[in-house]
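Here the sequence shown is numbered in the working numbering, starting from 795 and rising by one per residue.
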Amino acid sequence: MLDSFRELADNYQVIFFDAYGVLKNFEGVMDGVLDVLADLKREGKELYVVTNDASRSPKKMSLTYVHPEHGEIFAEDRIISSGMLARDFLRAKVRAKKVGYLGKPDSAYYIQTAGLTAIPINECDYDTDIGAIALLDDEGFNWESDINRAINILRRKTIPVVVANADTVYPVHQNDVAIAVGGIADLMESALSRRFVRFGKPDAYMFSYSFSRASAITPGVRRKDILMVGDTLETDIRGGNKFGIDTVLVLTGNTALASYPFQIDVSGVIPDYVCESITT
């Protein structure tokens, strides 16, 4: 029997929401989601988006969630992107001031705010003095020519590769997914026989970062006061479980209603709760 998300939410002070597959899909914010979020906010719940999406700045992400009557749901400081962790790494570890990247121009925000110059990979050649390559988004470049270019640059240069989105796929329709940045990274790692530096769920650093942000805004908050809401067992639920916060799997994204018991059994990743969606 599935749980009611609205009833579960009553038991938590802070709620971390994944974005894709929980709050929105390729068509935009899902029906009824803004109403639920506005209700939770009026009830005094502290709401955050904790996402592996590094395609846009937190400010631009926050503009996605504006209720027609109640206004902004998530302030900029309530959007926690894996791109922030990638930015911190680039700022600390990259000596050369230029970073090549795969992604849309908006995703370059995470390089630029690290004080570095972002160069699209199609503008890089073997002599360009870049100190790293960042994989930020699955759009904004030519998959064949630019991925091949990045691979061949990395065959010649000993520089780090930062993957700002650990997801391998993301939902685009009820039954369809698309390859995400983590999937591109898998392909490139296989071709190069090397490992990249990855950020995002399920890594504990992502949850520690999010917990620190929540603690700064809500002093005294404990892990047992937090609920992680996600659609993917291997990222949202595994990561939340390992960090010691309660987790709820929703069936509006990567995990389908018909197959979720099988996927839980096969993966060994067990959520505390399962809900059809956050609107039920």
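For each residue, glycine too, the CB sits at the ideal point set by N, CA and C.
Asked	Found
Nearest residue (CA-CA) to Val955, options Thr1029, Ile978, Asn969	Ile978
Residue from Ala1008, Glu870, Ile1039, Ile947 whose Cα sits closest to the Cα of Ile924	Ile947
Given Ile915 as reference, the closest of Asp931, Thr907, Ala908, Leu1043 once Cα atoms are compared	Asp931
Member of His861, Asp871, Tyr1003, Glu837 whose CA lies at the smallest distance from the CA of Lys853	Asp871
Best match in Ile873, Tyr964, Asp919, Thr962 for proximity to Asn942 [C-alpha to C-alpha]	Asp919
Three-state secondary structure (DSSP) of Met1000	helix
The segment 1017-1025 touching the segment 979-993, judged by at least three CB pairs closer than 8 angstroms	no
Outcome for Pro1065 when other beta-carbon atoms lying within 10 angstroms are tallied against a minimum of 16	buried
Distance between beta carbons of Val975 and Leu929, contact taken as under 8 angstroms	5 angstroms
Buried or exposed (CB count within 10 angstroms, at least 16 for buried), Val808	buried
One or two residues paired with Gly1024 in a DSSP bridge	Leu1043
Neighbourhood of Thr911 by C-beta distance below 6 angstroms, restricted to the same chain and skipping five residues each side	Lys891, Lys892
Exposure label - Asp1059; buried when at least 16 CB within 10 Å	exposed
Selected residue, minimal CA-CA separation from Ile945, among Val963, Ala902, Pro965, Phe990	Phe990
First through last residue of the beta strand (DSSP E) which encompasses Ala1133	Since the first and last residues shown for the chain are 795 and 1074, residue 1133 lies out of range.
Nearest-angstrom Cα separation, counted from Val1044 out to Asn1035	15 angstroms
Of the residues Ser856, Gly838, Met1000, the one placed nearest Phe883, counting alpha carbons only	Met1000
CB-CB length for Gly877 against Ala832, believed under 8 angstroms	The pair is not a contact, with the Cβ atoms about 26 angstroms apart (cut-off 8 angstroms).
Contiguous beta strand (DSSP E) assignments of at least 3 residues, all confined to the segment 809-892	840-845, 873-875
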